[in-house]
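Numbering (full-length UniProt numbering), first residue to last: 8 to 231.
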Ligand code: C5P
């Protein structure tokens with residue numbers, strides 16, 4: 008992926024995972040969530056990879072990452088601050104930036120290419136899946152209304168954007184002091200258009216202990 012940088016955010020604490028370590032350092036087998044995420048990104052061959060890690064874990068991650076085109080920077084107290092830290096390291100010549108959650112450790116390498124090739128000036132791109140559950144709007148214990156799932160999609164990462172416009176959108180969000188749901192929402196708030204391409208089941212985000220079990224099962228069945 009020429010002139011494309013991937014920022015992998017891996018600085019979260021992983022409280023909901025309750026695995027006793029920052030999420031990116033939790034093992035899925037012989038290797039950690041972060042190692043799997045990095046392997047998938049490197050297979051997509053971007054020009055630059057920036058790993059945003061918990062402060063104090065830089066040397067350990069650097070030893071793990073080896074000599075590849077990988078740079079490491081400590082993250083912040085929110086995901087948005089962590090992405091901003093990653094943006095500060097973008098190299099000259101990068102035209103498009105993909106922001107990816109380390110927690111989506113089993114994302115197929117082809118998903119990076121599908122997103123990157125759809126990025127245009129003024130247009131960001133997210134992978135998304137149709138919603139399969141029947142959805143309800145609730146208020147406390149009351150079910151208030153059905154929600155038409157045909158209008159909804161579940162957003163994944165990597166989310167891709169034109170470099171200069173994403174950097175400008177982040178500067179604007181920092182000035183406003185607003186925290187957005189994801190990079191696409193932040194980009195849209197600055198006037199960008201966001202489109203979606205089809206995501207993949209394997210790109211699920213490892214969030215709960217059940218997700219961790221699912222990731223381990225997928226890896227152990229693919230190893231046989
Ligand atoms: O907490 P959640 O699962 O939504 O986090 C999504 C991604 O953002 C994870 O890969 C996590 O490591 C990263 N993150 C971060 N810095 C934070 C919070 C989350 O890099 N302060």
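We treat Cβ as the ideally placed atom computed from N, Cα and C, and that holds for glycine.
Being a predicted model, the structure only gives us computed values, none of them experimental.
Cut-off 7 Å between Cβ atoms - residues of its own chain near residue i, not counting five sequence neighbours on either side
i: residue 109; result: 15, 16, 17, 31, 40, 41 and 44
i: residue 92; result: 59, 80, 81, 82 and 83
i: residue 197; result: 175, 176 and 179
i: residue 85; result: 186
Assigned secondary structure, residue i (DSSP; H/G/I helix, E/B strand, else coil)
i: residue 157; result: helix
i: residue 211; result: coil
i: residue 105; result: strand
i: residue 200; result: strand
i: residue 185; result: coil
i: residue 289; result: The structure shown does not extend to residue 289, since the chain is modelled only from 8 through 231, so no value can be given for it.
i: residue 219; result: helix
i: residue 178; result: helix
i: residue 8; result: coil
i: residue 112; result: coil
i: residue 162; result: strand
Cβ separation of residue i and residue j, assumed to be a contact under 8 Å, to the nearest whole Å
i: residue 209; j: residue 114; result: 7 Å
i: residue 236; j: residue 13; result: Outside the shown range of the chain, which is 8 to 231, sits residue 236, and nothing can be said about it.
i: residue 116; j: residue 51; result: 4 Å
i: residue 90; j: residue 155; result: That belief does not hold up - the Cβ atoms of residue 90 and residue 155 are roughly 31 Å apart, past 8 Å.
i: residue 122; j: residue 130; result: Going by Cβ atoms, the distance from residue 122 to residue 130 rounds to 11 Å, so no, they are not a contact pair.
i: residue 19; j: residue 29; result: 7 Å
i: residue 120; j: residue 193; result: Residue 120 to residue 193, Cβ: 23 Å. No contact.
Close-in-space but distant-in-sequence residues of the same chain around residue i (CB under 8 Å, 5 per side omitted)
i: residue 94; result: 14, 104, 173, 174 and 177
i: residue 126; result: 103, 132, 167, 168 and 169
i: residue 25; result: 216
i: residue 88; result: 82
Cβ shell of residue i (< 6 Å), same chain only, five flanking positions each side left out
i: residue 214; result: 23
i: residue 206; result: 134, 135, 136 and 163
Beta carbon proximity, residue i to chain D, threshold 9 Å
i: residue 199; result: No chain D appears in the structure shown, which is made up of a single protein chain.
Contained beta strand (DSSP E) runs [length at least 3] in the stretch 14 to 100, N- to C-terminal order: 55 to 60 and 77 to 81
In chain order, which continuous runs of the beta strand (DSSP E) of length 3 or greater are located wholly inside the stretch 114 to 155? 130 to 137, 142 to 146 and 149 to 154
If you measure from each residue's Cβ to the nearest non-hydrogen atom of the ligand C5P, which ones come out under 6 Å, in chain order? 16, 17, 18, 19, 30, 31, 59, 82, 83, 84, 85, 86, 89, 108, 109, 110, 212 and 214
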